[in-house]
Every structure is written in C-alpha cells, then in structure tokens.
Amino acid sequence: MKHLIILVCCFFIKAAWAQPPVTQPSPDTEQQIENITENNADEETDDDTYLQSLSEFSRNPINLNLADAATLEELLLLTPIQIDNFITYRTLLGKFLTIYEIQAIPGWDLATIQKIRPYIMVSQAVNLFNAIGSRLKNGDNILFVRSTQVLEKSRGYKLDSSQATNFYYGSPQRLFIRYKYSFKNLLQYGVVAEKDPGEELFKGSQKYGFDYYSVHFFMRNAGIVKALALGDFTVNLGQGLTQWMSQAYRKGPDITTIKRQAAVLRPYNSAGEINFHRGIGITVGKNNWEATLFGSYKKIDANFVAADTSLLEAEDIVTSLQTSGYHRTKSEVEDKGMQRQVAFGGNFKYRLYGLQIGVNAVQYQFKL
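Count along the sequence shown from 1, add 7, and you get the number used in my numbering.
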C-alpha cells in the first residue's frame with residue numbers, strides 16, 4: 008500500500024518556480040542608513056518615505072536610460088556633481104548599452120558604484136501607455152499591518168471620565184495599515200489608515216473607523232508628463248527656504264545628505280498627519296526645462312476661540328495650530344479640522360549641464 012501511494016503521488020508532481028532572490032543593499036548603503044538614523048535619532052518622525060523608496064528601487068531598479076536628475080536624487084547616494092556628470096555623459100555618448108559603462112562616468116568612483124549598484128539597471132524603455140491594463144494589474148502589491156502598545160498605561164487612561172476632561176476616549180493600542188500597489192516606478196497608488204494610542208476606533212468621535220486616512224495615486228514618465236499626483240503628495244522647493252515636505256537630514260559623515268535632494272512632487276503614504284498636501288499636482292518637462300503646478304485643500308487642526316457676542320466687532324479667531332495629530336481627549340477632538348488650508352503654487356526650472364536656474368512660487372490661505 009505504501010509503494011502504491013508513492014507511485015500515485017509521482018503522477019501529480021508539478022514544477023515549482025523558485026522565488027527570485029531579493030537584492031540586498033550593499034554594506035556601504037546599510038552604513039549610510041545607520042549614519043542618517045544616528046544623526047537624527049532625537050527627531051521623531053512618522054515619515055518612512057526614504058526607506059520605502061530604497062525598498063522599491065531594490066525590487067524595480069532605476070533604468071539608467073530613462074532616469075532624470077530628480078529620480079537619482081531620491082537615492083541620496085550621489086552628490087549633485089556626480090548626477091550632473093551622469094546626465095552629461097548620457098547626453099554626449101547616448102544610451103547605455105551595459106551597466107558596466109558607469110565606470111567611465113567622471114566622478115563615479117568604486118565606492119559610489121558599490122553603493123548604487125543594487126538600485127540601477129540598463130534596459131529598454133518601458134512605456135506606461137502600452138497595454139495600460141497590465142500596468143494596473145501586474146505590479147507589486149504590498150500590505151503592511153502594525154500594532155503596538157506601551158504596557159504601562161498613561162494617566163489619561165486612568166482618569167474618571169465623569170470628573171476629568173483630559174481623559175483618553177480610546178484604547179492604548181496604536182494601529183497602522185498601509186496598502187500600496189506599484190509598477191516599475193511608473194505607477195503607484197495606495198491607502199493608509201492609522202489610529203494613535205488613546206483614540207477611538209469605530210465608535211464615539213471615530214464612527215467611520217480610523218482617525219486618519221490617506222489615499223494617493225502617482226504616475227511618472229508618461230510622455231511629457233514627468234509626474235502626476237492625485238490625493239496626498241508632498242512638494243519640495245528651494246532647499247526648504249520656500250517649502251520642503253519630504254524628510255530632510257542633518258549634516259553627517261556622508262556628504263550626500265548636506266544638500267537636500269528630492270523630486271518636486273512625491274507621493275505621500277506615511278503616518279504623519281500634518282506635513283503634506285491633498286489635491287492635485289503635475290510636472291511636465293521636455294529636454295532641459297521642467298514646470299510644476301499644484302493645488303491643495305485640506306482641513307487641519309487648530310485651537311478655535313469663538314467671538315465674544317458682547318462685542319460689536321468681535322471675530323472668531325484661531326490661537327494656534329495643532330501639529331501632534333492626536334485626537335484622544337475632548338479638547339483635541341474639538342480642535343480636529345477646525346482650520347481650512349488652501350495652498351497652490353509651482354516651479355519652473357531650466358537645466359543646462361551643471362547649471363540650473365529656477366523660479367518657485369507658493370501661496371497659502373487659511374479660513375475658518
């Protein structure tokens with residue numbers, strides 16, 4: 008009987024495809040990430056966009072025959088001079104035929120090549136508009152779920168709700184859910200839901216579930232359209248003197264973090280509830296010029312004080328903007344979404360070899 012079972016099983020043998028190996032970051036890249044983390048250890052942030060970008064580029068490496076300066080800047084592994092040398096080399100000598108050509112780029116030493124090698128490749132161009140259906144279905148789907156809790160309860164959970172106004176309505180768990188679809192750095196969309204410790208879930212002040220939701224759709228390199236953002240996105244202009252929403256790092260042992268480097272428009276799908284725009288943005292470009300326009304409308308938290316009805320010219324005022332993102336207590340819930348923020352602006356830049364000239368404009372309006 009035993010031999011008969013073995014014989015029957017042989018007829019059901021099926022080839023099994025092994026999972027392709029995941030490209031691991033080089034030791035130099037891991038060291039750079041550690042250095043960045045150490046130099047910014049005292050700055051708490053919910054923005055993990057950079058780590059998401061590295062993970063995405065490791066799964067879908069950057070095509071050097073299509074890459075522009077903004078894409079290479081997102082790696083934070085190259086200096087501005089090295090990026091300019093790359094653009095100049097490709098402009099003068101044409102498309103790359105093999106990955107080993109990068110050894111001939113001026114300023115790209117062995118250490119630079121070792122750091123960037125896991126995130127680049129040389130291949131034919133992938134057109135977003137060819138078989139658009141497959142672009143929407145054949146990408147990578149990633150679902151990330153995280154739940155954390157501090158075992159020792161804070162004072163806000165222990166207060167008597169009938170006697171205190173600063174007690175926490177919800178449970179001490181923090182819940183974070185993120186779904187993201189991406190196709191070869193050309194198309195990306197996703198949704199984020201988060202509940203902070205002390206906030207309610209599907210009851211009370213949060214009848215619709217989580218306290219914070221974020222949705223985004225982002226497309227790159229579709230002809231003259233270099234970037235199209237719908238939903239939540241960030242805008243980065245003027246090294247932060249005008250506006251910088253992506254994560255910025257302090258000076259450290261690696262000189263690539265001294266100058267802030269990021270695309271003007273970037274998709275946003277992190278847990279932070281403050282530093283992003285909600286609306287539409289588009290970047291168009293051809294040859295050496297590039298232009299960006301964006302518009303945003305969202306409600307932000309603010310401490311609202313109603314007008315004194317005994318005064319004839321009294322007005323409702325906002326005394327401060329709340330940036331914590333917490334909605335645990337009665338006062339925090341009352342401050343939620345009290346201020347309307349309208350923002351719009353744009354950027355135009357012209358690049359010629361190592362020279363770049365640009366103009367930035369941003370306008371903010373706040374309404375009750």
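For glycine and all other residues, C-beta sits at the position ideal for the given N, C-alpha and C.
In terms of residue numbering, what span does the alpha helix (DSSP H) encompassing glutamine 59 cover? Against the sequence shown, residue 59 aligns to sequence position 52. Run containing glutamine 59: 56 to 66, per the alpha helix (DSSP H) assignment.
Look up threonine 290 in the DSSP assignment and give the residues it is bridged to. Within the sequence shown, the letter at position 283 stands for residue 290. Answer is Ala234, Thr299, bridged to threonine 290.
Within 10 Å of its beta-carbon, does leucine 359 have 16 or more other beta-carbons around it, so buried, or fewer, so exposed? The residue given as residue 359 occupies position 352 in the sequence shown. Burial call: exposed.
Would you report the Cα separation of serine 331 and aspartate 308, rounded to the nearest angstrom? Taking the first residue of the sequence shown as 1, we reach residue 331 at position 324. Taking the first residue of the sequence shown as 1, we reach residue 308 at position 301. Distance between the alpha carbons of serine 331 and aspartate 308: 9 angstroms.
Going by Cα to Cα distance, which pick from Glu206, Ala229, Gln254 is closest to phenylalanine 183? The residue given as residue 183 occupies position 176 in the sequence shown. Residue Glu206 is the option with its Cα nearest to phenylalanine 183.
Spatial neighbours of isoleucine 88 in its chain, beta-carbon cut-off 8 angstroms, leaving aside the 5 residues before and after: Position 81 of the sequence shown, counted from the start, is the residue given in the question as residue 88. Same-chain partners within the cutoff: Gly114, Gly361.
Short of 6 angstroms in beta carbon distance, which residues of its chain neighbour serine 60, apart from the five on each side in sequence? Order them along the chain. Reading the sequence shown from its first residue, position 53 is the one you call residue 60. So the qualifying residues of the chain are Glu81.
Can you grab the Cα-Cα spacing for the pair proline 274 / arginine 227, in whole Å? Here residue 274 corresponds to residue number 267 of the sequence shown, with the count starting at 1. Here residue 227 corresponds to residue number 220 of the sequence shown, with the count starting at 1. Cα to Cα, the separation comes out at about 11 angstroms.
Report the rounded CA-to-CA distance for threonine 78 versus asparagine 310, giving the unit in angstroms. In the sequence shown, the residue the question calls residue 78 occupies position 71. In the sequence shown, the residue the question calls residue 310 occupies position 303. For threonine 78 and asparagine 310, the distance between alpha carbons rounds to 39 angstroms.
Identity of the residue in Leu194, Val232, Ile127, Ser338 nearest asparagine 294 by Cα: Here the question's residue 294 lines up with position 287 in the sequence shown. Answer by Cα proximity: Val232.
Spatial neighbours of glycine 247 within its chain, please: C-beta separation below 7 angstroms, excluding the five flanking residues on both sides. Walking along the sequence shown from the start, residue 247 turns up at place 240. Excluding sequence neighbours, glycine 247 sits near Ala255, Arg267.
Checking 8 angstroms against the spacing of the C-beta atoms, do valine 271 and threonine 299 come in under that value? Numbered from its first residue, the sequence shown carries residue 271 at position 264. Numbered from its first residue, the sequence shown carries residue 299 at position 292. It is a contact, given that the beta carbons lie within the stated cut-off.
Across which residues does DSSP place tyrosine 126 in a beta bridge pair? Residue numbering aside, residue 126 sits at position 119 when the sequence shown is read from its first letter. DSSP lists no partner for tyrosine 126.
Inter-residue spacing [alpha-carbon to alpha-carbon] between glutamine 348 and aspartate 323: Within the sequence shown, residue 348 is the residue found at index 341, counting from 1. Within the sequence shown, residue 323 is the residue found at index 316, counting from 1. Those two C-alpha atoms are separated by around 16 angstroms.
Does the stretch 147 to 154 come into contact with the stretch 178 to 192, if we say contact requires no fewer than three beta-carbon pairs (one atom in each stretch) closer than 8 angstroms? yes
Using the Cβ count rule (16 or more neighbours within 10 Å means buried), how would you classify phenylalanine 283? Position 276 of the sequence shown, counted from the start, is the residue given in the question as residue 283. Buried, because 16 or more other Cβ atoms sit within 10 Å of the Cβ of phenylalanine 283.
What does the alpha-carbon distance come out to for the pair threonine 155 and glycine 279? Numbered from its first residue, the sequence shown carries residue 155 at position 148. Numbered from its first residue, the sequence shown carries residue 279 at position 272. Answer to the nearest angstrom: the Cα atoms are 16 angstroms apart.
What separation, rounded to the nearest whole angstrom, lies between the Cα atoms of threonine 30 and asparagine 70? The residue given as residue 30 occupies position 23 in the sequence shown. The residue given as residue 70 occupies position 63 in the sequence shown. Unreliable positioning characterises threonine 30 in this predicted model, as indicated by a pLDDT of 47, which lies under 50. The coordinate reading is nonetheless provided below. Their Cα atoms are separated by approximately 16 angstroms.
Counting only the same chain and skipping the five closest in sequence on each side, list residues whose C-beta sits under 8 angstroms from that of glutamine 370. Numbered from 1 along the sequence shown, position 363 holds the residue referred to as residue 370. For glutamine 370, where only same-chain residues beyond five positions count, the Cβ hits under 8 angstroms are Ala350, Phe351, Gly352.
Classify lysine 305 as helix, strand or coil using the three-state DSSP reduction. As a working note, residue 305 is residue 298 in the sequence shown. Of the three classes helix, strand and coil, the one that applies to lysine 305 here is strand, per DSSP.
Nonlocal neighbours in the same chain, by C-beta distance under 7 angstroms from isoleucine 90, ignoring five residues either side: As a working mapping, residue 90 is identified with position 83 in the sequence shown. So the list reads Ala76, Leu79, Glu80, once near-sequence residues are dropped.
Range covered by the alpha helix (DSSP H) that runs through threonine 326: For the purposes of this step, residue 326 is taken as the residue at position 319 of the sequence shown. Segment 324 to 328 is the beta strand (DSSP E) holding threonine 326; no alpha helix (DSSP H) there.
Helix, strand or coil for valine 340? Go by DSSP, reduced to three states. What you label residue 340 is simply residue 333 of the sequence shown in a count that begins at 1. Residue state, collapsed to three classes: helix.
For tyrosine 215, which option in Lys122, Phe224, Ala200 has the closest C-alpha, if you only look at C-alpha atoms? On the sequence shown, residue 215 is found 208 positions in, with the first residue counted as 1. Tyrosine 215 has its Cα closest to that of Ala200, out of Lys122, Phe224, Ala200.
By the three-class DSSP mapping on this structure, what secondary structure does glycine 163 have? The sequence position of residue 163 within the sequence shown is 156, counting from 1. Of the three classes helix, strand and coil, the one that applies to glycine 163 here is helix, per DSSP.
May I ask you to report which of helix, strand or coil DSSP gives proline 28? Your numbering for residue 28 matches position 21 in the sequence shown. Annotation note: pLDDT 45 at proline 28 (below 50); position unreliable, coordinate value reported separately. Reduced to three states, the DSSP call for proline 28 is coil.
Could you check how far apart the C-beta atoms of glycine 288 and phenylalanine 240 are, in whole angstroms? I think they sit under 8 angstroms. As a first step, residue 288 must be located in the sequence shown, where it is residue number 281. As a first step, residue 240 must be located in the sequence shown, where it is residue number 233. Their Cβ separation, rounded to whole angstroms, is 5 angstroms, which keeps glycine 288 and phenylalanine 240 in contact under 8 angstroms.
When you compare only the Cα positions, how much space is there between proline 28 and glutamine 121? Taking the first residue of the sequence shown as 1, we reach residue 28 at position 21. Taking the first residue of the sequence shown as 1, we reach residue 121 at position 114. With a pLDDT of 45 at proline 28, under the threshold of 50, the modelled position of this residue cannot be trusted; read the value that follows with caution. Answer to the nearest angstrom: the Cα atoms are 18 angstroms apart.
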